[in-house]
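Numbering (the numbering used here), first residue to last: 335 to 666.
For reference, the structure discussed in these notes is given below.
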């Protein structure tokens, strides 16, 4: 068999596009782990929309049955202006953009290595409501990368630890805890109440559930995954390219890591999580160029960044012309 060209993405049998360390093939190629309550705080409505500096290239978030400009806060307080001064001064944000952030509802699935920086950055930026979904407790082995938790919270539920940290960081932010496993029975009901979903999970079945719920409900999904020194990120936005299943039609074998869990270089989830947070904030603000239709692959060992173009699969079982994914729950 011819060795893969390290400068050219290879197409594996399960449909992923990756380099010599292809993601879902980690068992054979040491690849990364995937190459491929209702938060209703009362807020007064406000008209008017912030125009990004470069509207021709802006990727506006799509929220089914709702626009990004609904439910704005009536006015920022003096304390909020001081808290967010360093971002309000950015032309693409301003006070109107800050109000968009305050009215946004974001679900973060996973409060681990990726979820930690995502939750912290979204909370620090003033996203009004964060749903945090994770069924695990904090383990001491988590602490080398899951920076939202600390030693005193070992044994505590991750959602409780994360909520406590957010409360200390920014009391403006409402946190809704979801301490159950995400399943086919609850995925749609969970996703329905949020504007954007950030996938910070570490297993393929849940990634597919989140993708399918987001496709069915018209919600943007911001994806990230890490393995050792590498990571990847993308955004799946309705009407702007493929969904997660287009990129990875089939999951890799369930025993890729031999049951030990993936090995992770501590800064890797920090880098990818920060990218996921940036993508989420840009989608809320309706500004900048998103990763929709692209897969960003990061190699921290070689300090290389590679961007792959990905296309929607017309035969995709989730978003294709004749979707075949079973309904997740009543009402979809």
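Think of the CB as a built atom: it goes at the ideal place given N, C-alpha and C, for glycine as much as any other residue.
The region 443-452 makes contact with the region 525-543: 3 or more CB pairs, one atom from each, lie closer than 8 Å.
Across the structure, residue 558 and residue 607 are spaced so that their CA atoms are roughly 7 Å apart. Within the region 577-650, the beta strand (DSSP E) runs of at least 3 residues that lie entirely inside it are, in chain order, 628-633 and 638-643. In this structure residue 547 does not touch residue 613 by the C-beta definition: roughly 19 Å separates them, more than the 8 Å allowed. Contact annotation: residue 496 and residue 466 have beta-carbon atoms nearer than 8 Å.
In the structure shown, residue 530 falls within a strand segment according to DSSP collapsed to helix, strand and coil.
Assigned with DSSP and collapsed to three states, residue 512 falls in strand.
Take residue 432, set aside five residues on each side of it, and the residues of its chain with a beta-carbon closer than 8 Å to its own are 410, 414, 418, 421, 422 and 460, in chain order.
Judged by their CB atoms, residue 562 and residue 512 are not nearer to each other than the 8 Å cut-off. Within the same chain, 483, 487, 488, 489, 490, 492 and 495 come within 7 Å of residue 472 by CB-CB distance, once the 5 residues on both sides are set aside.
For residue 417, the enclosing alpha helix (DSSP H) starts and ends at 412-417. With fewer than 16 neighbouring CB atoms inside 10 Å of its own CB, residue 635 falls in the exposed class.
The residue from 619, 648 and 640 with its alpha-carbon nearest to that of residue 429 is 619. Collapsing the DSSP output to three states places residue 655 in coil.
Under the criterion of beta carbons closer than 8 Å, residue 554 and residue 617 qualify as touching, at roughly 6 Å. By the Cβ-count criterion, residue 501 is exposed, with fewer than 16 other Cβ atoms from all chains shown falling within 10 Å of its own Cβ. Residue 559 is bridged by DSSP to 566.
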